[in-house]
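Trainee:
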Amino acid sequence: MMNRIKEARSLLKKIPKVKLGFFPTPLQRLDRLSEEMGVEIYLKRDDLTGISQFGGNKIRKLEYLMADAVKENADTVYTYGASQSNHAMQTATACNRMGLHPLLFLTDIIGSDLSHPEGNLLLDRILGAEIHLEPLLGDSLKDTSIRVHRKAKERIASLEKEGRRCYEIPMGGANAIGSLGFVEAFVEVAEEFLLRGLKADYLYHATGTGGTLAGLIAGKKLLGSEIRIMSIGVGIGGDGYKEKVMKLADEALDLLEREERVHEEDFEVFEDYYGKGYEVPSEEGSKAIRLLARTEGIFLDPVYTAKAFSGMLDHIEKGIIEKGSRVIFWHTGGATALFAEREILGDIY
Ligand SMILES: *Cc1c(COP(=O)(O)O)cnc(C)c1O
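Under our numbering, think of the first position of the sequence shown as 132, with each following residue one higher.
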């Protein structure tokens with residue numbers, strides 16, 4: 132295994148990357164919760180990636196994406212997300228660090244008040260990002276997204292006319308380049324377990340745009356690991372999700388000039404834990420937030436990690452995860468949503 136880890140690292144080294152975060156992130160055994168659940172649970176603390184106090188999984192992707200933006204001589208970086216997007220906020224921090232202008236095209240699912248911004252929207256304002264907030268207007272998320280992209284195109288065209296060079300990052304940073312951050316993350320955690328002389332059986336995480344999942348699966352292929360990657364959907368999956376993520380993972384392997392391919396059976400995606408939808412709190416999620424806070428003093432977020440954690444707890448309770456197993460839960464960040472609008476937070480205490 133160590134040889135394969137070294138080989139994967141040398142492949143990744145060939146791809147341009149800027150250093151933004153604090154890596155490796157801590158790997159923490161949850162002693163009290165493990166005892167309570169009868170399963171050994173390790174938390175991979177990507178909520179502590181940096182670069183600000185409010186890190187998260189997008190920083191790993193941005194290390195590769197920002198390097199690509201620099202290679203393209205960009206002076207402006209634009210991306211998309213919901214009004215409380217963790218990805219958008221982290222992109223703005225990364226842009227400022229790199230001296231690039233951050234431009235955010237956000238879909239307002241809940242009806243934000245820009246004169247009293249909360250959570251990530253507040254941070255986006257402090258960071259000085261140019262924000263375009265598009266209301267749903269009774270349309271579906273998909274129709275609104277089409278509108279957002281059309282408006283983005285107009286704004287970018289006018290900026291480029293002024294001589295600016297704009298670099299586009301897709302929603303969630305979910306393209307092959309961004310996914311490389313999670314190929315590297317998988318290698319990081321594999322090495323941590325190897326050095327501790329331990330073998331993990333399962334890896335749980337929240338999956339949204341799929342870049343994290345694609346990278347993790349590509350990393351697993353690269354190392355020939357047998358860990359089962361258990362992905363809990365947060366309500367933006369939809370038709371063709373697996374195919375989309377499979378394609379991303381294969382493209383990431385292409386960038387590394389590797390022949391391995393991912394297969395459908397590599398993916399275990401569970402779509403039964405997001406409740407009523409994206410950014411709608413679930414009762415089980417709120418319970419998970421309280422449980423982790425009250426046993427370990429660590430905060431989950433209501434939109435992603437709480438729902439994923441509730442899925443893992445349910446799998447433990449149902450025996451889908453056998454007692455005595457060793458599980459990694461990837462904490463992908465997002466706790467700024469605890470300070471977002473009540474619609475997102477729900478009934479929390
Ligand atoms: C974006 C995000 C995810 C999902 O990652 P994807 O790569 O979009 O699937 C999970 N958790 C948090 C907190 C996030 O911000």
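Just so you know, even glycine gets a beta-carbon here, dropped at the ideal spot from N, CA and C.
All of these numbers come straight from a predicted model, not from anything done at the bench.
Can you grab the Cα-Cα spacing for the pair F154 / G341, in whole Å?
Mentor: If you number the sequence shown from 1, residue 154 lands on position 23. If you number the sequence shown from 1, residue 341 lands on position 210. About 22 Å.
Trainee: Indicate the three-state DSSP secondary structure (helix, strand or coil) for V208 in the structure shown.
Mentor: Taking the first residue of the sequence shown as position 1, residue 208 is located at position 77. If DSSP states are grouped into helix, strand and coil, V208 belongs with the strands.
Trainee: Based on Cα-Cα distance, which residue from Y480, V411 and S441 lies nearest to H462?
Mentor: By 1-based counting over the sequence shown, the position of residue 462 is 331. With distances taken between Cα atoms, H462 lies closest to S441.
Trainee: In angstroms, rounded to a whole number, what distance separates the CA positions of E382 and E167?
Mentor: Walking along the sequence shown from the start, residue 382 turns up at place 251. Walking along the sequence shown from the start, residue 167 turns up at place 36. Whole-angstrom Cα-Cα distance: 41 Å.
Trainee: T222 and I300 look like a contact to me (Cβ under 8 Å); what is the Cβ gap, rounded to whole Å?
Mentor: By one-based count along the sequence shown, residue 222 stands at place 91. By one-based count along the sequence shown, residue 300 stands at place 169. Correct: roughly 6 Å between the Cβ atoms.
Trainee: Taking only runs that begin and end inside the region 384-443, name each unbroken alpha helix (DSSP H) of 4 or more residues, in chain order.
Mentor: With a minimum length of 4 residues, the continuous alpha helix (DSSP H) runs that stay inside the region 384-443 are 414-427.
Trainee: Would you say the region 172-192 touches the region 314-325, given that touching needs at least three Cβ pairs under 8 Å?
Mentor: Contact between the region 172-192 and the region 314-325 is present, because at least three Cβ pairs lie under 8 Å.
Trainee: Could you tell me whether any non-hydrogen atom of ligand 1 is closer than 7 Å to the CB of N204?
Mentor: Within the sequence shown, the letter at position 73 stands for residue 204. For ligand 1, not one heavy atom lies less than 7 Å from the Cβ of N204.
Trainee: Under the rule that 16 or more other beta-carbon atoms within 10 Å means buried, what is D403, buried or exposed?
Mentor: Position 272 of the sequence shown, counting from 1, holds the residue named residue 403. Classification of D403: exposed, given that the 10 Å Cβ count is below 16.
Trainee: With a CB to CB cut of under 7 Å and the five nearest residues on each side skipped, what residues in its chain are close to K375?
Mentor: Position 244 of the sequence shown, counting from 1, holds the residue named residue 375. If we look at K375 and ignore the five residues flanking it on each side, its Cβ neighbours are G341.
Trainee: Taking the alpha helix (DSSP H) that I308 belongs to, which residues open and close that run?
Mentor: The residue given as residue 308 occupies position 177 in the sequence shown. Unbroken alpha helix (DSSP H) run through I308: A307 to L326.
Trainee: Of the choices G169, D270 and V149, whose alpha-carbon is the least far from that of K449?
Mentor: Residue mapping note: residue 449 aligns to position 318 of the sequence shown, counting from 1. Considering only alpha carbons, the answer is G169.
Trainee: Give the C-beta separation of H394 and G303 to the nearest angstrom, bearing in mind that I take them to be a contact with Cβ-Cβ under 8 Å.
Mentor: For the purposes of this step, residue 394 is taken as the residue at position 263 of the sequence shown. For the purposes of this step, residue 303 is taken as the residue at position 172 of the sequence shown. About 23 Å separates the two Cβ atoms, so there is no contact after all.
Trainee: Would Q184 and I475 be called neighbours here (beta carbons separated by less than 8 Å)?
Mentor: Against the sequence shown, residue 184 aligns to sequence position 53. Against the sequence shown, residue 475 aligns to sequence position 344. It is not a contact, given that the beta carbons lie outside the stated cut-off.
Trainee: What does DSSP give as the partner residues of S362 in its beta bridges?
Mentor: Within the sequence shown, numbered from 1, the residue matching residue 362 stands at position 231. For S362, which the question treats as bridged, DSSP gives the partners H336 and V400.
Trainee: Would you please state the rounded distance, in angstroms, between the beta carbons of A380 and A345? I believe it to be under 8 Å.
Mentor: Indexing the sequence shown from 1 puts residue 380 at position 249. Indexing the sequence shown from 1 puts residue 345 at position 214. That belief holds up - the Cβ atoms of A380 and A345 are roughly 4 Å apart, short of 8 Å.
Trainee: Does the separation of the CB atoms of K330 and R457 fall below 8 Å?
Mentor: Counted from its first residue, the sequence shown places residue 330 at position 199. Counted from its first residue, the sequence shown places residue 457 at position 326. Contact flag set, yes.
Trainee: DSSP state of I475, grouped into three classes?
Mentor: By one-based count along the sequence shown, residue 475 stands at place 344. Here I475 sits in helix by DSSP.
Trainee: On the criterion of 16 or more Cβ atoms from any shown chain inside 10 Å, does A288 qualify as buried, or is it exposed?
Mentor: For the purposes of this step, residue 288 is taken as the residue at position 157 of the sequence shown. Label assigned to A288: exposed.
Trainee: Measuring alpha carbon to alpha carbon, tell me which residue in M132, R473, K148 and G477 is nearest S310.
Mentor: For the purposes of this step, residue 310 is identified with residue 179 of the sequence shown, where counting begins at 1. For the residues M132, R473, K148 and G477, the minimum Cα distance to S310 belongs to K148.
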